[in-house]
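Asks: Structure in structure tokens, see below.
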Amino acid sequence: MKKVNPFYRTAKWQKKRELTLRRYNYLSAEAKQFGRHEPAEMIHHIYPLSEYPELALVDWNLLPLTNKEHNGFHDRKTDKIIGRGLYWQQKRRKEFEKFFDRPP
């Protein structure tokens, strides 16, 4: 079983998670793209926390999703971003480049 990153237990993350959910009206941003209204169950880091810890609390890098949607954003064996996860990385590429002053 995968170990949970201690970051997710911090007060800073808990507050940011709640603010993000509230900003999206507690709905999945992915479902909204397709005209559906589904409750968000978690917050996805578009650019993974493990690779880009400096983006951990950056608003444009956080995306509320259902657990089912989130499972389709990662290859569960390698944890690589796949499918719609890659779509959202491309969608937020300009913000990424502006933040780092370089492409991913």
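In numbering that gives the first Met the number 0, the protein residues as written are 0 to 103.
Every residue, glycine too, gets a C-beta built ideally from N, C-alpha and C.
Can you tell me whether DSSP reads Leu61 as helix, strand or coil?
Replies: strand
Asks: Pick from Gln32, Pro102 and Glu96: whose alpha carbon is nearest that of Arg83?
Replies: Checking every option, the nearest Cα to that of Arg83 belongs to Gln32.
Asks: Are the segment 62-79 and the segment 36-45 touching, with three or more C-beta to C-beta distances below 8 Å?
Replies: yes
Asks: Using a threshold of 8 Å, state whether the C-beta atoms of Leu85 and Ala28 are closer than that.
Replies: no
Asks: Would you mind reading off the limits of the beta strand (DSSP E) that contains His43?
Replies: Met41 to His44
Asks: Could you give the distance in angstroms between the alpha-carbon of Asp74 and the alpha-carbon of Ile81?
Replies: 6 Å
Asks: Compute the Euclidean distance between the alpha carbons of Val3 and Asp100, then round it to the nearest angstrom.
Replies: 30 Å
Asks: Can you give me the start and stop residues for the alpha helix (DSSP H) that Leu20 sits inside?
Replies: Secondary structure note for Leu20: its alpha helix (DSSP H) is the uninterrupted segment Ala10 to Arg22.
Asks: In whole angstroms, give me the CA-to-CA distance for Trp87 and Arg8.
Replies: 25 Å
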